[in-house]
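S.K.: Mind having a look at this structure? Questions to follow.
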Amino acid sequence: MTALLALDQLSVAAGARPVVDRVSFTVDPGEVLAVVGESGSGKSATARAILGLLPPGLRLSGGGIRFQGEDIAAAPHARMRALRGPGIGMVFQEPMTSLNPAMTVFAQMAEGFRQHFRATPTATRAACEKMLARVGIDAGRMGAFPHEFSGGMRQRIMLASVMLLRPRLLIADEPTTALDTLTQAEVLDLMLELTREQGTAVLLITHNLGLVARYAGRAVVMRQGEVVEEGGAASLLAAPNHPYTQALVDAMPRRGEAVAPRGHAQPLIEARSLSVIFAARGLLDRRPPTHAVKSVSLALNEGEVVALVGGSGSGKTTLGRAMLRLVEPSTGQLMFRGQDVTHLHGALLQEFRLACQIVFQDPYASLDPRMRVRAIVAEPLRLPTGMPMPERIARAEAMLEQVGLGGLGDRFPHQLSGGQRQRVAIARALVRRPAFVVADEPVSALDMTVQKQVLGLLRTLQRDQGFACLFVTHDLAVAEEISDRVVVMQRGEIVEQGARDRVFDAPAHPYTQALLAAAPRLGAPRIRATA
Amino acid sequence: MLAYLLRRAAFAIPTLLLVAASVFFLLRLVPGDPALLILGDQATPESLADLRASLGLDRPLPVQFVLWLQRVLAGDLGTSITNGEAVGPLILDRFGVTAAIVLVAVALAALIAVPLGLLAAWKQDSAGDLLAVGIATLLLSIPSFWLGLILLLVFGLWLGWVPVVGYVPFGEDFWTAASYIILPIATLTLVEAGVLIRMSRASSIEVLRLDYIAHARAKGLSEGRVLLRHVAPNAFAPTLTLIGLILGNLLGGIAVIETVFTLPGLGRLLVDAIFARDYPVVQGVMLFVAAIYVGVNFCVDLLYPVFDPRVRAG
Amino acid sequence: MKRFLRPNLLLGGALLGAVLTVAITARFWTPHDPVRTNLRRRVGPPSDVYWLGTDEFGRDVVSRLMIGASTSVSVALATVVLALLLGGLIGLIGGYFRGWLDRVLGAVNDTLLAFPGILLALGLLAVLGPSAWGIVLALGLAFAPTVARVVRGTVLSVREREFIEASRALGNSEWFTLFRHVAPQTIAPVTVLATSMFGWVVLSESALSFLGLGVPPPAATWGNMLASARPFMQEAPRLSIAPGLMIAACLLGANLLGDALRDLLDPREAR
Chain H
0 MTALLALDQL SVAAGARPVV DRVSFTVDPG EVLAVVGESG SGKSATARAI LGLLPPGLRL
60 SGGGIRFQGE DIAAAPHARM RALRGPGIGM VFQEPMTSLN PAMTVFAQMA EGFRQHFRAT
120 PTATRAACEK MLARVGIDAG RMGAFPHEFS GGMRQRIMLA SVMLLRPRLL IADEPTTALD
180 TLTQAEVLDL MLELTREQGT AVLLITHNLG LVARYAGRAV VMRQGEVVEE GGAASLLAAP
240 NHPYTQALVD AMPRRGEAVA PRGHAQPLIE ARSLSVIFAA RGLLDRRPPT HAVKSVSLAL
300 NEGEVVALVG GSGSGKTTLG RAMLRLVEPS TGQLMFRGQD VTHLHGALLQ EFRLACQIVF
360 QDPYASLDPR MRVRAIVAEP LRLPTGMPMP ERIARAEAML EQVGLGGLGD RFPHQLSGGQ
420 RQRVAIARAL VRRPAFVVAD EPVSALDMTV QKQVLGLLRT LQRDQGFACL FVTHDLAVAE
480 EISDRVVVMQ RGEIVEQGAR DRVFDAPAHP YTQALLAAAP RLGAPRIRAT A
Chain E
0 MLAYLLRRAA FAIPTLLLVA ASVFFLLRLV PGDPALLILG DQATPESLAD LRASLGLDRP
60 LPVQFVLWLQ RVLAGDLGTS ITNGEAVGPL ILDRFGVTAA IVLVAVALAA LIAVPLGLLA
120 AWKQDSAGDL LAVGIATLLL SIPSFWLGLI LLLVFGLWLG WVPVVGYVPF GEDFWTAASY
180 IILPIATLTL VEAGVLIRMS RASSIEVLRL DYIAHARAKG LSEGRVLLRH VAPNAFAPTL
240 TLIGLILGNL LGGIAVIETV FTLPGLGRLL VDAIFARDYP VVQGVMLFVA AIYVGVNFCV
300 DLLYPVFDPR VRAG
Chain X
0 MKRFLRPNLL LGGALLGAVL TVAITARFWT PHDPVRTNLR RRVGPPSDVY WLGTDEFGRD
60 VVSRLMIGAS TSVSVALATV VLALLLGGLI GLIGGYFRGW LDRVLGAVND TLLAFPGILL
120 ALGLLAVLGP SAWGIVLALG LAFAPTVARV VRGTVLSVRE REFIEASRAL GNSEWFTLFR
180 HVAPQTIAPV TVLATSMFGW VVLSESALSF LGLGVPPPAA TWGNMLASAR PFMQEAPRLS
240 IAPGLMIAAC LLGANLLGDA LRDLLDPREA R
């Protein structure tokens, strides 16, 4: 069987620096091939090179690309344009920016169809309606603009407009990274169904090994522009040959040790019937107020790690911030060490603030770009009076050592990697030895191997310092690894909570069950990828 | 969409009120008897007394403002001290000349600059792009009145192709009238084209980076279609805002061009009135131009959602 | 260090540097007395003594150009400082604290902005009468709203960023957060704006002088030199060309430098 797509020693360079270095692999008709790698692996550049859509600054510096036996690396523009769409289709990552905001959905779907198949307007309309219905979007909404749809729906529209052209090969570049767990599963399942129906091969670009386990038949592992290993997906994950592949597999979160619940007299921090309502803004805003958090009661004991999980819109982020009073609760009470802190102001509020800290998701946005790392970590020590500057610096340096950044105190945030910046954020949160820490998706923006290191660091520090931690995340695998207890939220309410092992092994609520079924984890069942 | 329109209108009206108040109070800052200032040297004791009564000078200041505002809304902007004409019609008459030049110049500049900017962005960093940016930067660094003088020197005095002084309204001979305004229009077009090329290029570059452009190309669409249907509409919105700003700027500073080319426009009316201490005219022109500018911005706001539908949702 | 060798930066810096040098020198020395008239040498041609000739009152053109530089630069610097202070405060406070304060400040700002171009300056000068300080005040008020808009825009986007929330989470007061963390983020855009604004102020001041509403005679400004050169356009074009070239040099230098600064300070570069 001749390969559908064959890459032969493909190289892409940015100036003199190689971004993709002599990469070779093939894709057979109808199969699902995953290209796995972390940031900097060159996987996206490879995908773009196949379609001849390299961004300015990158160019093809060597090797060949054969599609259906034809050499397309050197093909003239007109030939490439004819191939793009009906030959090779591409789905992108960011649903926010991948559809033209100024054109209706129908117009965008139709233009490709009309161009390649020279169809009449009636035929075009009929085809678009049919495809939209197939992806689960009401065809009556064709005249709407992209911003009127949610992220998941936009990805489905994108799928529809690409699959409408019946490509032989579909390149999907991290198509669901920006979506939450349930939506991710829906979109990917849909993609696999459509491609199977049409006999389309899929080149799935991802950093998530769970997705590879679930959807791919074969996999290629890339690292810093080179292919380090390839083979059948299942065998690659079960018994990797290359040390890097092994590191990736090890980095996948897996269940941590169970911790026996300790008895406590009173919880450390407790939310009682807490609600957060965002009111309409301005006189002419006729949207109803949003109930982000609806009368939630949640308590954490000292030293406990509780994972707060849910999809987007579940209210988990808002609840986390409300428990620190970074967002003001609308009704209900917040108790800290038995004291009512709901309405504190001034010095007493400051005391509460200092005992409770937060680690944010985006490691770049949470650090002041104009401050050196040492100053960032020393800043929390400014407020308790009486600590002279040299002592503050010394404490900060000591904390930096503890997080593995000793000697980097002089650097600015932009000079550090994502993982290093997150360590700085953790150091800043812990330098005052708080009693309670809210971690808001702290590892979602990191590569898998880095994620593993940072999670490990958090766990070590948590055991050493003994703080209670509310770990907000949409990633169930991470929750499984790090938590003692799990709380599941949906649309502003808690639908289930309990010990980690119990919730993961025997979920009671249908939403929890759906989440667990959708989450790509090691050991989860695989979807048959090839016909 | 309606809510958006109402919101923009609700924003314009208080601004207009505050503008009117500022103009009113500004001219009250001039030391001296307001009635004397308005009537000037021709004042007789009777006319002064009459005017003081109708202005309500013995009443508190806010009341005076309301009285004045009522007259303005009825169309009465007072009388010019210099020649006794009603200010309102005088302004409208002069505005005709100014508006013709400004509107034509900006329209021409936009027609030339917007596509050029788009093309420059498409071929970013090529020789053509660098040339376009260089020329645009030079153009916008030239003071308009100086460029006008130079053009007048070359085409008026040395080559003799156009008349140097004066103005002929379009009601009479079209070609003669055109010859009088072709140089001022050319001057303004050149200077504003510089600004617009850079803006159009910058916003096109931003849009070309975005994923949906790659998506459009990945569908196999031709470059022409990608540029016209995908890049241009999305890149135009910031340029539209800039066009509104330029129109305003030109209206505010048109006096210099009118001085160079001796055109009887609104700018010259204002400057002459300032020298003559003709306060009713100064007040009237300031109010008029500011109101037009608020109107222009409102129109820009109305057009914006056409190019960026996300704005409609508020 | 190599980043600083862009052509924009070098050319813009060189142009503005030259103008500044001339301006400072003029305070201490000019080839001839720029003010004293000498009616026997009216509109004289360029010579070894009078490098660019003399104007309609027999005064040395070069000396007057130099004094013009000094006047324009001082007025422009004072105006930019005033606009930055006024606009910066409005933008910082309104943008950070929002609420009724922002609405009031915003209304003031929008009213000022409703007078386009030099209209506001013209109106103020009608009331104040032409004088150096009057022009600084008038132009400062005219440009402050632009500064306020840019600063407010930056503050609005920065205040949502997580490191600002982090500052609050650390227990810092709102004023501390505003001045320690938010305000420094405005330095980059304000510097770029101030550089370009310098050029626009020189242009506006020259326009006002050209109209006869600038710093009053016998002070020499490029604007009024251009105005008085008009009757002699044909016989002595250099009288029209020279002052305009100086204004253009200022504008070009400010624009190029502003461009270079904007590219240098672009956060995308820093990442």
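Chains as they are written, first to last, in numbering that gives the first Met the number 0: chain H, 0 to 530; chain E, 0 to 313; chain X, 0 to 270.
The beta carbon of each residue, even a glycine, is placed where N, CA and C say it ideally should be.
Run down chain E in chain order and give the residues with a C-beta less than 7 Å from the C-beta of Ile205(X).
M.R.: In the sequence as displayed, the identity of residue 205(X) is Ser instead of Ile. What Ser205(X) touches in chain E: Pro142.
S.K.: Name, please, each residue of chain H whose Cβ falls closer than 9 Å to the Cβ of Arg216(E).
M.R.: The answer, in chain order, is Leu50, Gly51, Leu52, Arg80, Arg83.
S.K.: Can you pull the chain X residues whose beta carbon is under 7 Å from the beta carbon of Arg336(H), in chain order?
M.R.: Ordered by position in chain X, no residue passes the 7 Å Cβ test against Arg336(H), which lies about 17 Å from the chain.
S.K.: Evaluate Thr1(H) with the Cβ neighbour count: other Cβ atoms within 10 Å of its Cβ, from every protein chain shown; 16 or more gives buried, anything less gives exposed.
M.R.: The residue in question, Thr1(H), is exposed, as its Cβ has fewer than 16 Cβ neighbours within 10 Å.
S.K.: Quick one: which chain H residues come within Cβ less than 8 Å of Pro308(E)?
M.R.: Correct list: Pro100, Ala101, Phe144, His146.
S.K.: What's the C-alpha gap between Ala264(H) and Arg499(H)?
M.R.: Roughly 22 Å separates the two Cα atoms.
S.K.: Helix, strand or coil: which one does DSSP assign to Ala528(H)?
M.R.: Any reading at Ala528(H) is ruled out, since the residue's pLDDT is 39, under 50, leaving its predicted position unreliable.
S.K.: Please report the distance separating the alpha-carbon of Val51(E) from that of Ala176(E).
M.R.: One point to set straight first is that residue 51(E) is Arg, not Val, in the sequence displayed. When rounded, the distance between both Cα atoms is 44 Å.
S.K.: Taking 8 Å as the CB-CB cut-off, is Gly56(H) touching chain E?
M.R.: Gly56(H) does not count as touching chain E.
S.K.: Do we get a CB-CB distance below 8 Å when we pair Gln245(H) with the residues of chain X?
M.R.: Not one chain X Cβ lies under 8 Å of Gln245(H).
S.K.: Which complete alpha helix (DSSP H) runs does the segment 366 to 400 of chain H hold, if anything under 4 residues is left out?
M.R.: List check, alpha helix (DSSP H) in window: 372 to 377.
S.K.: Do Ala75(X) and Val21(X) have their C-beta atoms within less than 8 Å of each other?
M.R.: Contact flag unset, no.
S.K.: Using C-beta distances below 8 Å, list every residue in its chain close to Ala530(H), excluding the 5 sequence neighbours before and after it, in chain order.
M.R.: Caution is warranted here: a pLDDT of 33 is assigned to Ala530(H), below 50, making its placement in the model unreliable, and the coordinate value is therefore given only provisionally. So the qualifying residues of the chain are Gly29, Arg195, Gly198.
S.K.: Using a Cβ cut-off of 9 Å, which residues of the segment 28 to 47 of chain E contact any Cβ in chain X, in chain order?
M.R.: Per Cβ criterion, the list reads Leu28, Val29.
S.K.: Please determine whether the Cβ atom of Gln107(H) lies at a distance below 7 Å from any heavy atom of the ligand MN.
M.R.: In the structure shown, the ligand MN is absent, as is every other ligand, since no ligand is present at all.
S.K.: Within 10 angstroms of its Cβ, does Asp54(X) collect 16 or more other Cβ (buried), or is it exposed?
M.R.: The residue is buried, with at least 16 neighbouring Cβ atoms inside 10 Å.
S.K.: For the beta strand (DSSP E) containing Ala498(H), list its first residue and its last residue.
M.R.: Unbroken beta strand (DSSP E) run through Ala498(H): 492 to 498.
S.K.: Which residues, taken in chain order from the segment 185 to 217 of chain E, show a beta carbon closer than 9 Å to some beta carbon of chain H?
M.R.: If the cut-off is 9 Å between Cβ atoms, the segment 185 to 217 of chain E has Leu207, Arg208, Leu209, Asp210, Tyr211, Ile212, Ala213, His214, Ala215, Arg216, Ala217 near chain H.
S.K.: Just checking my contact of Glu440(H) with Val471(H) at CB under 8 Å: how many whole Å lie between their CB atoms?
M.R.: Confirmed, Cβ separation roughly 6 Å.
S.K.: Phe287(E): buried (16+ other C-beta within 10 angstroms of its C-beta) or exposed?
M.R.: The residue is buried, with at least 16 neighbouring Cβ atoms inside 10 Å.
S.K.: Taking all protein chains shown into account, do 16 or more other C-beta atoms lie within 10 angstroms of the C-beta of Leu5(E), making it buried, or fewer, making it exposed?
M.R.: Leu5(E) is exposed by the Cβ-count criterion.
S.K.: Run through the segment 145 to 182 of chain H for me and flag every whole alpha helix (DSSP H) of 4 or more residues, listed as ranges in chain order.
M.R.: If we require 4 residues or more, the alpha helix (DSSP H) runs fully inside the segment 145 to 182 of chain H come out as 150 to 162.
S.K.: When the distance is taken between beta carbons, is Ala48(H) closer than 8 Å to Val11(H)?
M.R.: The answer is yes: Cβ separation under 8 Å.
S.K.: Looking at the C-beta of Asp70(H), does it have a partner C-beta in chain X at a distance below 8 Å?
M.R.: Judged by the 8 Å Cβ criterion, Asp70(H) is not in contact with chain X.
S.K.: Would Ser234(H) count as contacting chain X if we go by Cβ distances under 8 Å?
M.R.: Closer than 8 Å: no.
S.K.: Could you list which residues in chain A have their beta carbon closer than 9 Å to that of Gly243(X), in chain order?
M.R.: In the structure shown, chain A cannot be found, because the protein chains are H, E and X.
S.K.: Run the CB neighbour count on Val214(X), radius 10 Å, all protein chains shown included, and call it buried at 16 or more, exposed below.
M.R.: That one is buried.
S.K.: Determine, for Met89(H), whether the minimum Cβ-Cβ distance to residues of chain E falls below 8 Å.
M.R.: It does: the Cβ of Met89(H) has a partner Cβ on chain E nearer than 8 Å.
S.K.: Can you grab the Cα-Cα spacing for the pair Ile141(E) / Val154(X), in whole Å?
M.R.: C-alpha separation (whole angstroms): 33 Å.
S.K.: Is it true that the CB of Phe173(E) sits closer than 8 Å to the CB of Phe235(E)?
M.R.: No, the pair does not count as a contact, with Cβ atoms beyond the cut-off.
S.K.: Skipping 5 residues on each side, what residues in its chain have a beta carbon closer than 8 Å to that of Ser43(H)?
M.R.: Only Asp172, Glu173, Ile204 meet the Cβ criterion.
S.K.: Short of 9 Å Cβ to Cβ, which residues in the segment 440 to 454 of chain H face chain X?
M.R.: Of all residues in the segment 440 to 454 of chain H, none has a Cβ within less than 9 Å of some Cβ in chain X.
S.K.: If you follow the beta strand (DSSP E) that Ala270(H) is part of, which residue opens it and which one closes it?
M.R.: Here the beta strand (DSSP E) through Ala270(H) covers 268 to 277.
S.K.: To the nearest angstrom, how far is the alpha carbon of Ala118(H) from that of Asp210(E)?
M.R.: Taking the straight line from one Cα to the other gives about 27 Å.
S.K.: Who are the neighbours of Ile273(E) on chain X, taking C-beta pairs under 8 Å?
M.R.: Those within 8 Å of Ile273(E) in chain X are Leu121, Leu124, Ala125, Leu212.
S.K.: According to DSSP, is Ile87(H) helix, strand or coil?
M.R.: If DSSP states are grouped into helix, strand and coil, Ile87(H) belongs with the strands.
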